[in-house]
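Add 250 to the 1-based position in the sequence shown for my numbering, that's all there is to it.
C-beta atoms are modelled at their ideal positions from N, C-alpha and C, and glycine is treated no differently.
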Amino acid sequence: MKRLLTMLIVLVLIGFVGFKASVWWLANQRLAEARTALDAWGVLQRGTISSGIDGHLVLAGSSWQDFRLNRPLEIGRMEFDAGSPVDLLTSLADPARLPGNWKFQAEGLGLLLEATMFRNWVTADGDDREGEPAVFVLSCAPDPRQQIGSGDLMRMGITGLAGEFMLRQSPDGLHAELSTAGTGSIDMDWPGGRLDPGQPDNTLASSPEPMHVTLRDGGLMRRVAAYCAREAGLEPPEWAGRALNAFRQGLEARGLMASKQLLALYRQWLLEGGELTAAIQPGAPAFGIPVYASASEASGSGWNVEYNGAVVPDVYLQEVATVAPQTSKEALEPIAPRENPEVEGWYADTLENAGSWIGRKVRVTLSNDNVVEGRLVSVSDREFEVARVVAGGEVAYPMLQRAIAKFEVWRRGRTQ
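Structure below.
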């Protein structure tokens, strides 16, 4: 009897150790495959791997460094709960065989902000674009081309982004939550949806039902409206009107026109934020927003959208002839603020005069809308060099003159 009990204990220990070792090895293999697949975009650090016999896998101290960003996304803890040890081993051995019920959580998400977050700020080319004007344009400067960036968020007092993420699969569908500290949250319910990690197209086609997405801004939009309006030298309603005009022009360039209720809803969101719930159809044109060929057809049902719990009627898009935006040369020139000799601030100058500002603090806006602040080190016929403080020291970065859209100097105003 004693030998039998001893043998059972030994077998249990062997099974426990075997389970732990198998989970660790399989998880390490899957993460290595993920790192290889993501090599073109960034570096994934897996951190430490642990597991439990109840069927959960934990990664601690992970991070994701996107090649386009200066800062990594820190991930304090990630947990995948398969529901049972057998389902966990099966999922790790073949990710396509996920169980009908599972849960993924990521806690301690954090991204510290810098005034210039993008590494490609020294290049002339931004992301691939089709030449059409952007639909959502939030400008925080007199020049409407200069969109809100990480530097603006820092000046608003937002020095970093932190939050948690949860994704749950059940027989009823997919549910996801992203909650952040002070910058809002997003909830998503997708009846019938099923995640297929290996085939994203299968995921989008897994359910004909729309996603029900709820966006809460947590008071962020009021802060954005107040800050951007002040920086642009406008009142908040005027700033919202400028953003609304860009929204309208972006749609017209795509052959669409927003209904009056859609324009009013967007304007209200820009100024007040709040809670917005909408039904989104993955893969559908305009993400499921009804698009009518004529005004007579627009009397049909509108988009299923609620604002602060109240249904918003008559939200739709209408097809119109494509309108190419006509922008005058004067409108493309930066708006020069009135100079005040008693106040220091940013003042635009020409690239030809840049050589006279060597050693001074400058701000450069590139053609990809990224903004760089630092000390001007040198100027040549082809390049600028701007030094930024990194880890207690200065590092000079070159940038092509052809990539510069706007050059500003921090100085005291001159007498008009």
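Task: C-alpha distance - Gln-419 paired with His-425, whole-angstrom precision - done: For the purposes of this step, residue 419 is taken as residue 169 along the sequence shown, with counting starting at 1. For the purposes of this step, residue 425 is taken as residue 175 along the sequence shown, with counting starting at 1. About 7 angstroms.
Task: Whole-angstrom C-beta distance between Glu-658 and Asp-599, which should lie under 8 angstroms - done: Residue mapping note: residue 599 aligns to position 349 of the sequence shown, counting from 1. Residue mapping note: residue 658 aligns to position 408 of the sequence shown, counting from 1. With a Cβ gap of about 7 angstroms, Asp-599 and Glu-658 count as contacting.
Task: Alpha-carbon to alpha-carbon, Phe-386 and Gly-505 - done: If you number the sequence shown from 1, residue 505 lands on position 255. If you number the sequence shown from 1, residue 386 lands on position 136. Using only the alpha carbons, I get a separation of about 16 angstroms.
Open item on the list: Considering only their Cβ atoms, is the gap separating Tyr-516 from Met-406 smaller than 7 angstroms?
Closed with: Numbered from 1 along the sequence shown, position 156 holds the residue referred to as residue 406. Numbered from 1 along the sequence shown, position 266 holds the residue referred to as residue 516. Contact flag unset, no.
TODO: Please confirm if the region 347 to 358 is in contact with the region 396 to 410, defined as three or more CB-CB distances below 8 angstroms between the two stretches.
DONE: No contact exists between the region 347 to 358 and the region 396 to 410.
- [ ] Note down, in chain order, each residue of its chain lying with its Cβ closer than 6 angstroms to the Cβ of Gly-434, except the 5 sequence neighbours on either side.
- [x] Start at 1 with the first residue of the sequence shown, and residue 434 comes out as number 184. Closer than 6 angstroms at the Cβ level, and outside the excluded window around Gly-434, lie Arg-466, Asp-467, Gly-468 and Leu-470.
Open item on the list: Nearest by alpha-carbon distance to Gln-651: which of Arg-662, Trp-660 and Phe-634 is it?
Closed with: Here residue 651 refers to the residue found at position 401 when the sequence shown is read from its first residue. Closest option to Gln-651, Cα to Cα, is Phe-634.
- [ ] Would you identify the three-state DSSP class for Ala-560, choosing helix, strand or coil?
- [x] Taking the first residue of the sequence shown as position 1, residue 560 is located at position 310. It is a strand residue.
TODO: Kindly indicate which residue of Met-404, Tyr-542, Thr-615 and Gly-443 has the alpha-carbon position closest to the one of Glu-507.
DONE: Your numbering for residue 507 matches position 257 in the sequence shown. The sequence as given places Met at residue 507; Glu does not occur at that position. Of the listed residues, the one whose Cα sits closest to Met-507 is Tyr-542.
Open item on the list: On the DSSP letters alone, give me the boundaries of the alpha helix (DSSP H) that Pro-441 sits inside.
Closed with: Here residue 441 refers to the residue found at position 191 when the sequence shown is read from its first residue. According to the DSSP assignment, Pro-441 belongs to no alpha helix (DSSP H) but to the beta strand (DSSP E) extending over 435 to 441.
Open item on the list: Please report the distance separating the alpha-carbon of Arg-480 from that of Gly-491.
Closed with: Here residue 480 refers to the residue found at position 230 when the sequence shown is read from its first residue. Here residue 491 refers to the residue found at position 241 when the sequence shown is read from its first residue. Rounded to whole angstroms, the gap between the alpha carbons of Arg-480 and Gly-491 is 14 angstroms.
Task: Counted within 10 angstroms of its Cβ, other Cβ atoms place Val-622 as buried (16 or more) or exposed - done: One-based indexing of the sequence shown puts residue 622 at position 372. Flag for Val-622 reads buried.
Open item on the list: For the alpha helix (DSSP H) containing Leu-338, name the first residue and the last one.
Closed with: For this step, residue 338 is matched to residue 88 along the sequence shown. Its alpha helix (DSSP H) spans residues 335 to 343.
Task: Chain-order list of residues whose beta-carbon lies under 8 angstroms from that of Val-570 (same chain, five-residue window excluded) - done: In the sequence shown, the residue the question calls residue 570 occupies position 320. So the qualifying residues of the chain are Glu-502, Gly-505, Leu-506 and Met-507.
Open item on the list: Tell me the DSSP secondary structure of Ile-408 in three-state form.
Closed with: Along the sequence shown, read from residue 1 onward, the residue named residue 408 stands at position 158. Here Ile-408 carries a coil assignment [DSSP, helix/strand/coil].
Task: Per-residue burial, Ile-608 [other beta carbons within 10 Å of its own, 16 or more giving buried] - done: For this step, residue 608 is matched to residue 358 along the sequence shown. By the 10 Å Cβ count, Ile-608 comes out exposed.
Task: Helix, strand or coil at Trp-660 according to DSSP, with G and I counted as helix - done: For the purposes of this step, residue 660 is taken as the residue at position 410 of the sequence shown. Residue state for Trp-660 is assigned as strand, using DSSP reduced to three classes.
TODO: Pick out whichever of Val-627, Trp-519 and Glu-522 has its Cα sitting closest to the Cα of Val-645.
DONE: Locating residue 645 in the sequence shown gives position 395, where the first residue counts as 1. Of the listed residues, the one whose Cα sits closest to Val-645 is Val-627.
Task: Option nearest Ala-384 by Cα separation, candidates Ile-303, Leu-494 and Ile-325 - done: If you number the sequence shown from 1, residue 384 lands on position 134. Closest by C-alpha distance to Ala-384, out of Ile-303, Leu-494 and Ile-325, is Leu-494.
Task: Start-to-end residues for the alpha helix (DSSP H) that takes in Arg-296 - done: Working through the sequence shown from its first residue, we reach residue 296 at position 46. Element bounds for Arg-296: n/a, residue is neither H nor E.
TODO: Could you tell me whether the region 314 to 323 touches the region 342 to 349, where touching means 3 or more Cβ pairs closer than 8 angstroms?
DONE: They do not touch, by the three-pair rule.
Task: Contacts around Ser-429, its chain only, beta-carbon distance under 6 angstroms, and the 5 residues preceding and following it disregarded - done: Taking the first residue of the sequence shown as position 1, residue 429 is located at position 179. The residues Gly-413, Glu-414 and Ser-435, in chain order, have a CB closer than 6 angstroms to that of Ser-429 in the same chain once the five nearest residues on each side in sequence are set aside.
Open item on the list: Run through the DSSP bridge pairs and tell me what Ser-420 is partnered with.
Closed with: Locating residue 420 in the sequence shown gives position 170, where the first residue counts as 1. In DSSP, Ser-420 forms a bridge with Gly-423.
- [ ] From the DSSP output, read off the bridge partner residues of Gly-302.
- [x] On the sequence shown, residue 302 is found 52 positions in, with the first residue counted as 1. DSSP lists His-306 as the beta-bridge partner residues of Gly-302.
Open item on the list: Just to confirm my understanding: we take Glu-522, look at its own chain, exclude 5 residues before and 5 after, and list those with CB closer than 7 angstroms. What are they?
Closed with: Residue numbering aside, residue 522 sits at position 272 when the sequence shown is read from its first letter. Excluding residues within five positions, the ones whose Cβ falls inside 7 angstroms are Met-471 and Arg-472.
Open item on the list: Going by beta-carbon coordinates alone, are Tyr-566 and Pro-532 separated by less than 7 angstroms?
Closed with: Working through the sequence shown from its first residue, we reach residue 566 at position 316. Working through the sequence shown from its first residue, we reach residue 532 at position 282. Not a contact, by the Cβ cut-off of 7 angstroms.
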